[in-house]
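Below you'll find the structure, written out as structure tokens, and then a few comments.
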Amino acid sequence: MNAVVVSPVEMQARKELGLRAGDTVKVHQKIQDKGKTRIQIFEGLVLARKHGDEAGATFTVRKMVDGIGVEKIYPLYSPNIDKIEIVKRSMVRRSKLYHIREKVAREIKRAMRRMRLVSIATESEAAVAVRKEAEAADVAKQAAEAAQAADVAAAPTEETIKEA
13 MNAVVVSPVE MQARKELGLR AGDTVKVHQK IQDKGKTRIQ IFEGLVLARK HGDEAGATFT
73 VRKMVDGIGV EKIYPLYSPN IDKIEIVKRS MVRRSKLYHI REKVAREIKR AMRRMRLVSI
133 ATESEAAVAV RKEAEAADVA KQAAEAAQAA DVAAAPTEET IKEA
């Protein structure tokens with residue numbers, strides 16, 4: 013008897029993966045771009061796993077991108093997920109790690125409190141370059157004036173010539 017294929021996803025393999033909160037995973041997601049399919053990797057911490065092993069099971073992955081937290085909720089048996097890799101397993105004492113969101117926000121606020129304003133005004137790179145060129149021109153002008161003054165002081169005057 014032929015087996016009926018209900019889903020293009022290997023459901024048994026995903027079920028046996030044992031994905032749980034605290035795991036660091038790489039999710040290889042298929043993305044459709046103008047008729048072409050490419051794989052995009054999203055690596056982050058699994059915050060939650062919901063709905064057990066049933067057909068509608070989901071898991072939430074969080075990562076930090078340029079200091080901003082990004083969360084994605086993936087269906088466990090989605091055909092748009094090419095592969096799920098477990099990079100690291102962590103021992104956690106909660107099944108839902110939503111407190112990580114507030115923890116990160118608290119750490120940022122704490123760091124902001126420790127910061128001190130050193131310079132209020134900012135300068136662009138172009139302004140810095142113009143300022144340095146002006147300073148270099150001033151230094152060159154002062155050096156030229158000093159050299160000219162030294163030449164004038166060293167040159168014999170009419171009085172010293174008549175005395176000799």
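By the numbering used here, the letter at position 68 of the sequence shown is numbered 80, and the numbering carries on one by one without gaps. The C-beta atom is built at its ideal place from N, Cα and C for all residues, glycine as well.
Per-residue DSSP class, three states only, for residue i
{"i": "R50", "result": "strand"}
{"i": "E66", "result": "coil"}
{"i": "D35", "result": "coil"}
{"i": "V21", "result": "coil"}
{"i": "K100", "result": "strand"}
{"i": "K153", "result": "helix"}
{"i": "K42", "result": "strand"}
{"i": "K121", "result": "helix"}
{"i": "K144", "result": "helix"}
{"i": "K108", "result": "coil"}
Contact check, residue i vs residue j, beta carbons under 9 Å
{"i": "P87", "j": "A60", "result": "no"}
{"i": "F71", "j": "L109", "result": "no"}
{"i": "S102", "j": "D35", "result": "yes"}
Per-residue burial, residue i [other beta carbons within 10 Å of its own, 16 or more giving buried]
{"i": "R122", "result": "exposed"}
{"i": "I96", "result": "buried"}
{"i": "T49", "result": "exposed"}
{"i": "V39", "result": "buried"}
{"i": "I65", "result": "According to the sequence provided, residue 65 is Asp. The question's Ile does not apply to it. When all chains shown are included, D65 counts as exposed."}
{"i": "V73", "result": "buried"}
{"i": "D150", "result": "exposed"}
{"i": "G47", "result": "exposed"}
Anticipated Cβ contact below 8 Å, residue i with residue j, distance rounded
{"i": "Q41", "j": "D94", "result": "7 Å"}
{"i": "V58", "j": "V99", "result": "Contact flag wrong, Cβ pair sits at about 11 Å."}
{"i": "R126", "j": "G81", "result": "About 21 Å separates the two Cβ atoms, so there is no contact after all."}
{"i": "A33", "j": "V104", "result": "6 Å"}
{"i": "Y89", "j": "A67", "result": "6 Å"}
{"i": "E55", "j": "K75", "result": "6 Å"}
{"i": "V142", "j": "P91", "result": "58 Å between Cβ atoms; not a contact."}
Counterpart residues of residue i in DSSP-defined beta bridges
{"i": "M76", "result": "G81"}
{"i": "A60", "result": "T72"}
{"i": "P87", "result": "T70"}
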